[in-house]
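Numbering (my numbering), first residue to last: 72 to 495.
One structure is given below, encoded as structure tokens.
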């Protein structure tokens, strides 16, 4: 049996940066969570080029070479290579604590990291098993493997994944119809962010809210999607392809975690402590609900593996999340709704600034900051270009009240304005 210092399941990136260690990377293939943020950046460029004439720049018609774009972005995801790294195609299955069977052999390791992310959860829809619809109904994985950019696409869902794919394909020139059963998109975000985002995205795609998925059928080489609204009225929509972006579940079913001593919660997520340690000795997990592993979490886990005694825990740190759509959404900590539900005393500051990228259309950047009675940060919520970058100073600041306008990014003043408003 081959033995390793570290075995990483599901992430090629984490297998790097362990000089002198023997590292096994199992099933370290590219996952949609790796490439969607990269595709969103490409979509941003396409969208900017399409509207550049409003700024006095003539670019001509935007043409997308889908196959080149898809392959280039896929190639940007690092593979499991390097000194001391042995890659296994997988998948793997635990046989005992810190012992795995993969590619027909058994391996063991002093440390295991489970970073398999999540897989799409597809609803049971009448008609979806029709063989005539093969290759036209997709999840978040298969939609990125299309040979050609679809002329039209129906997306079902209202969360982050649906919002991101709607932005990507609309910016690349696909006619997008977004169907959601709820009354607005991104319901888990702060209510003001959710409402504003819903309005802004509805200007770029055909958005139909209050639509409950009822059926799918073949329609002359296209997909017909049947829905009902809250009053039971039926609707039908047609497109070349259908993307079901209705949620994701932890991708751990085949690992046989009980044999490893790793416990999961009622939703199948691996139980971890503030150091990302599971219930099994020597086993850590990074199983983000979105199927992504934030860079900060990767770095923190690397430090934990290299220096367990000297690594700080993540206890008490507010959660960070991002939606790479158009516009971007970035959030830290509690929403205002959560503050009310928890009975917290809090203060809110809001600021917004319109820029030259969308004059007279909508505020380019919206910032909302929530502070406790002592001025401590409870939550921050940003909507607009570079929102994910602008949130970072708040993530790392020891004292948000001391944040100044002396930041490199020219738009950070909006965040400071929101802080000032909350501190008054």
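All C-beta atoms in this analysis are idealised placements derived from N, C-alpha and C, irrespective of residue type, glycine included.
Among residues of its own chain, excluding the 5 on either side of residue i, which ones have a beta-carbon nearer than 7 Å to its beta-carbon?
i           : result
residue 147 : 109
residue 118 : 242 and 397
residue 135 : 117, 220, 243 and 244
residue 196 : 284, 286 and 287
residue 88  : 373
residue 474 : 464, 468, 487 and 490
Counting along the chain, where does the beta strand (DSSP E) carrying residue i start and finish?
i           : result
residue 239 : No beta strand (DSSP E) contains residue 239, which is instead part of the alpha helix (DSSP H) from 231-242.
residue 334 : Per DSSP, residue 334 belongs to no beta strand (DSSP E) and is neither H nor E.
residue 76  : 73-80
residue 450 : 448-454
residue 401 : 400-404
residue 181 : 176-185
residue 443 : 436-443
residue 502 : Since the displayed the chain opens at 72 and closes at 495, residue 502 lies outside it and no answer follows.
residue 166 : 163-167
Measure the alpha-carbon distance for residue i versus residue j and round it to whole angstroms.
i           : j           : result
residue 447 : residue 244 : 44 Å
residue 418 : residue 492 : 9 Å
residue 501 : residue 325 : Limits of the chain in this structure are 72 at one end and 495 at the other, which puts residue 501 out of reach.
residue 364 : residue 455 : The pLDDT assigned to residue 364 is 47, lower than 50, so where the model puts this residue is not dependable, and the model offers no usable value.
residue 407 : residue 439 : 9 Å
residue 124 : residue 436 : 21 Å
residue 270 : residue 277 : 11 Å
residue 184 : residue 129 : 50 Å
residue 153 : residue 357 : 22 Å
residue 168 : residue 330 : 6 Å
residue 469 : residue 273 : 38 Å
residue 297 : residue 394 : 28 Å
residue 378 : residue 336 : 28 Å
residue 338 : residue 310 : 33 Å
residue 485 : residue 401 : 14 Å
residue 141 : residue 206 : 18 Å
residue 289 : residue 210 : 18 Å
residue 218 : residue 240 : 14 Å
residue 249 : residue 237 : 7 Å
Alpha helix (DSSP H) containing residue i: first to last residue?
i           : result
residue 463 : 458-467
residue 265 : 262-273
residue 411 : 407-412
residue 138 : 137-146
In its own chain, which residues sit with a C-beta less than 6 Å from the C-beta of residue i, not counting the 5 before and 5 after it?
i           : result
residue 334 : 342 and 350
residue 488 : 422
residue 251 : 229 and 280
residue 246 : 223
So residue i and residue j are supposed to be a Cβ contact under 8 Å. How far apart are they, rounded?
i           : j           : result
residue 404 : residue 451 : 7 Å
residue 79  : residue 186 : 6 Å
residue 76  : residue 182 : 7 Å
residue 106 : residue 215 : 7 Å
Any heavy atom of the ligand SAH closer than 6 Å to the CB of residue i?
i           : result
residue 334 : Although the ligand SAH was asked about, the structure shown includes no ligands whatsoever.
The stretch 249-257 contacting the stretch 337-350, beta-carbon criterion three pairs below 8 Å: no
So, do the stretch 303-311 and the stretch 162-172 have three or more beta carbon pairs nearer to each other than 8 Å? Not touching, per the Cβ criterion.
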